[in-house]
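*Asks:* At position 89 of the sequence shown (counting the first as 1) the number is 89 in UniProt numbering, and the numbers step up by one without a gap. If you scroll down you'll find the structure; I have some questions about it.
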Amino acid sequence: MQEYKTFKATYQVVPKRTGSLAKLNIENEKLREDVPAPDKYITLMGNHSSTQYPDVNHATVTTTNGERPVKELDTDNHWLKNEFINTVQQRGAAIIKARKASSALSAASAACDHMRDWVLGTPKGTWVSMGVYSDGSYGIPKDIIYSFPVKCEKGKWSIVKGLKIDEFSREKMDATAKDLIDEKEVTHSCLN
């Protein structure tokens, strides 16, 4: 809760210069052996928990035939909507279980990438995922820290607007928002 209060207070003083790491669970995530890791536009939506939603609806990969949508290369929608999402959601727990320790080096690498994108900016026409203070974009309640697609320039982020959200994504995004709201309420109740 203290982190939330600090984040909120900092955001009010220096908006667009406050954010949190969301890249760890999707950095270089191979989809399957026959589908390479997405180059651009994979988005981690929501909470850093088992409800996080790795949205590949806009993700692309570079193939020998040029840039192609991930969904075009992987026609097995059942796999994308189930196994892939579960793998990303459980990745941290699986690493801890296998290693009996956290993935500190992966976290450090993701933190460096996060800061590079934030400070130096995202390449024009691209975005990254970042936990930011919700402004109500995509129907996500305000006053929670939620991972959104953002573009960065001159040390400031802005939420990418206008992405099409299908019904499946809407359900996943709402579930992870509810998870964050529940966490916030539990924390508030412990402090009162």
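Cβ atoms here follow ideal geometry from the backbone N, Cα and C, with glycine treated the same way.
Once the 5 residues before and after residue 153 are set aside, which same chain residues still bring their CB inside 7 Å of it?
*Replies:* Within the sequence shown, the letter at position 153 stands for residue 153. Closer than 7 Å at the Cβ level, and outside the excluded window around residue 153, lie 121.
*Asks:* State whether the region 105-120 contacts the region 144-158, with contact taken as three or more CB pairs (one from each stretch) at a distance under 8 Å.
*Replies:* yes
*Asks:* Taking the alpha carbon of residue 69 as the point to measure from, which residue in 59, 78 and 87 has its own alpha carbon closest?
*Replies:* Locating residue 69 in the sequence shown gives position 69, where the first residue counts as 1. If we check each option's Cα against that of residue 69, 59 comes out closest.
*Asks:* Let me check one thing: in DSSP terms, what residues is residue 157 bridge-paired to?
*Replies:* As a first step, residue 157 must be located in the sequence shown, where it is residue number 157. Answer by DSSP bridge pairing, in chain order: 152.
*Asks:* Between which two residues does the alpha helix (DSSP H) containing residue 64 stretch?
*Replies:* By 1-based counting over the sequence shown, the position of residue 64 is 64. No alpha helix (DSSP H) holds residue 64; DSSP gives it neither H nor E.
*Asks:* Which word fits residue 192, buried or exposed, when buried means at least 16 other C-beta atoms lie within 10 angstroms of its C-beta?
*Replies:* Taking the sequence shown and counting its residues from 1, the one referred to as residue 192 is at position 192. Exposed is the label assigned to residue 192, since fewer than 16 other Cβ atoms lie within 10 Å of its Cβ.
*Asks:* Roughly how far, in whole angstroms, is the beta-carbon of residue 145 from the beta-carbon of residue 173, given that I think they are within contact range, below 8 Å?
*Replies:* Numbered from its first residue, the sequence shown carries residue 145 at position 145. Numbered from its first residue, the sequence shown carries residue 173 at position 173. In fact, because the Cβ distance is near 14 Å, the residues do not count as touching under 8 Å.
*Asks:* Whole angstroms are fine: how far does the CA of residue 63 sit from the CA of residue 50?
*Replies:* Taking the first residue of the sequence shown as 1, we reach residue 50 at position 50. Taking the first residue of the sequence shown as 1, we reach residue 63 at position 63. Rounded to whole angstroms, the gap between the alpha carbons of residue 50 and residue 63 is 31 Å.
*Asks:* Do residue 61 and residue 73 count as a contact pair if the criterion is CB distance below 8 Å?
*Replies:* By one-based count along the sequence shown, residue 73 stands at place 73. By one-based count along the sequence shown, residue 61 stands at place 61. Yes, they are a contact pair.
*Asks:* Measuring alpha carbon to alpha carbon, tell me which residue in 131, 92 and 112 is nearest residue 103.
*Replies:* Translated into positions along the sequence shown, residue 103 becomes position 103. Comparing Cα positions, the closest option is 92.
*Asks:* Can you round the beta-carbon distance between residue 53 and residue 176 to whole angstroms, since I take them to be within the 8 Å contact cut?
*Replies:* By 1-based counting over the sequence shown, the position of residue 53 is 53. By 1-based counting over the sequence shown, the position of residue 176 is 176. Confirmed, about 6 Å.
*Asks:* Going by alpha carbons, who is nearest to residue 82 out of 169, 112, 142 and 148?
*Replies:* As a position in the sequence shown, residue 82 is number 82, starting the count at 1. Selected option, being the one with the closest Cα: 169.
*Asks:* In angstroms with no decimal places, state the Cα-to-Cα distance between residue 90 and residue 132.
*Replies:* Here residue 90 refers to the residue found at position 90 when the sequence shown is read from its first residue. Here residue 132 refers to the residue found at position 132 when the sequence shown is read from its first residue. Computed Cα separation, rounded: 22 Å.
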